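What follows is one structure encoded as structure tokens, with my remarks underneath.
Residue numbers (this note's numbering): 473 to 755.
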């Protein structure tokens, strides 16, 4: 049987997965909100579909697999808001559905470790919306749901190098602050491994092996570029957007053993050091 992935909100991580699947003979249909983005998606070999606005029902009918990248809002999950009944009626026909969530659902653990069995106690509005969305997807009977809780994403076009080059990078210091992160290529290989080994109802943390203070990552990026390390700024003195400050409201180390033991994943970039070195090499 031919494999067709319907990708809702076909963004950065979904594009990385499509780059893995299309050479294997997959058909990938990706939704986007604008005709301009649709044109860019088509150039990658993905069939674009402007949605909301276009008719997504034929694509849903043909899909064997579904990926949800579109984030929730205060109004709830945008895909479920429009298509809950259609997806519920299709649930038992799907082989796999993946939902991209965030490690923000765990909330603040003052730098301690969390895993997939840790209770979800988000402390930010964004984390609470993701928790609510996870629960809404879980409520659909018979859906082959797989949840992927992503750490901070970096990769080609996303990373600290440009800010360091431009002189806009900042090393904001908050005592004990650590973040987990993940390279987009590792997200793609985790998703592909899950598709190959479906286990409906399972949640996976997607992150590297080295939760690290953000200022160390900036300093390492500057060193790789041969540029001065940006000065340290205490968080109390830093001017930050509410979104940026919310990231610093939580500190935790995220365990990733499940993607290794259950899916057989071997991370391409087990720490930010390998990831940044590869980005610099590839330009």
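Ideal placement from N, C-alpha and C gives every residue a C-beta, glycine not left out. From a predicted model like this one, the values you see are computed outputs, not experimental measurements.
Cβ atoms of residue j and residue i: under 7 Å apart, would you say?
| i | j | result |
| --- | --- | --- |
| residue 725 | residue 585 | yes |
| residue 828 | residue 545 | The chain is shown from 473 up to 755; residue 828 falls before or after that span and cannot be answered. |
| residue 551 | residue 480 | yes |
| residue 656 | residue 488 | yes |
| residue 616 | residue 696 | no |
| residue 741 | residue 658 | yes |
| residue 640 | residue 679 | no |
| residue 486 | residue 539 | yes |
| residue 718 | residue 536 | no |
| residue 503 | residue 523 | yes |
| residue 469 | residue 618 | What is shown of the chain runs 473 to 755, which leaves residue 469 out entirely. |
| residue 495 | residue 568 | no |
| residue 674 | residue 614 | no |
| residue 664 | residue 492 | yes |
| residue 593 | residue 534 | no |
| residue 744 | residue 689 | yes |
| residue 666 | residue 735 | yes |
| residue 730 | residue 607 | no |
Near residue i, what residues of its chain come up, given a Cβ to Cβ distance below 8 Å and the 5 sequence neighbours on each side ignored?
| i | result |
| --- | --- |
| residue 648 | 582, 583 and 723 |
| residue 699 | 636 and 637 |
| residue 575 | 586, 621, 622, 623, 652, 677, 679, 724 and 726 |
| residue 754 | 628 |
Quick one: does residue i have its CB under 7 Å from some CB of chain D?
| i | result |
| --- | --- |
| residue 669 | Looking for chain D here will not work: only one protein chain is present. |
Counting C-beta neighbours from all protein chains within 10 Å, is the total for residue i 16 or more, i.e. buried, or is it exposed?
| i | result |
| --- | --- |
| residue 605 | buried |
| residue 709 | exposed |
| residue 591 | exposed |
| residue 547 | exposed |
| residue 510 | buried |
| residue 601 | buried |
| residue 474 | exposed |
| residue 527 | exposed |
| residue 497 | exposed |
| residue 525 | exposed |
| residue 672 | exposed |
| residue 660 | buried |
| residue 714 | exposed |
| residue 707 | exposed |
Note the first and the last residue of the continuous alpha helix (DSSP H) segment covering residue i.
| i | result |
| --- | --- |
| residue 482 | Residue 482 -> no alpha helix (DSSP H), and no H or E assigned at all. |
| residue 633 | 633–638 |
| residue 629 | From DSSP, residue 629 is part of no alpha helix (DSSP H); its letter is neither H nor E. |
| residue 663 | 656–668 |
| residue 612 | That residue, residue 612, is in no alpha helix (DSSP H); it is neither H nor E in DSSP. |
| residue 747 | 744–753 |
| residue 559 | 550–562 |
Counting only the same chain and skipping the five closest in sequence on each side, list residues whose C-beta sits under 7 Å from that of residue i.
| i | result |
| --- | --- |
| residue 687 | 643, 644, 645 and 704 |
| residue 562 | 532 |
| residue 650 | 583, 683, 684, 685, 723 and 725 |
Can you name, in chain order, every residue of its own chain whose Cβ lies under 6 Å from the Cβ of residue i, other than the five neighbours on each side?
| i | result |
| --- | --- |
| residue 519 | 501 |
| residue 728 | 677 and 679 |
| residue 751 | 631 |
| residue 633 | 693 |
| residue 747 | 655 and 741 |
How would you write the range of the beta strand (DSSP E) that residue i sits in, first residue to last?
| i | result |
| --- | --- |
| residue 736 | Premise fails: residue 736 is in no beta strand (DSSP E) and is neither H nor E. |
| residue 642 | Element bounds for residue 642: n/a, residue is neither H nor E. |
| residue 571 | 568–574 |
To test your reading of the DSSP string, which unbroken alpha helix (DSSP H) runs of 4 or more residues are found completely within the region 500–536?
507–514 and 529–534
Which ranges does the beta strand (DSSP E) cover as unbroken runs of at least 3 residues, wholly within the region 670–734, from first to last along the chain?
675–678 and 704–706
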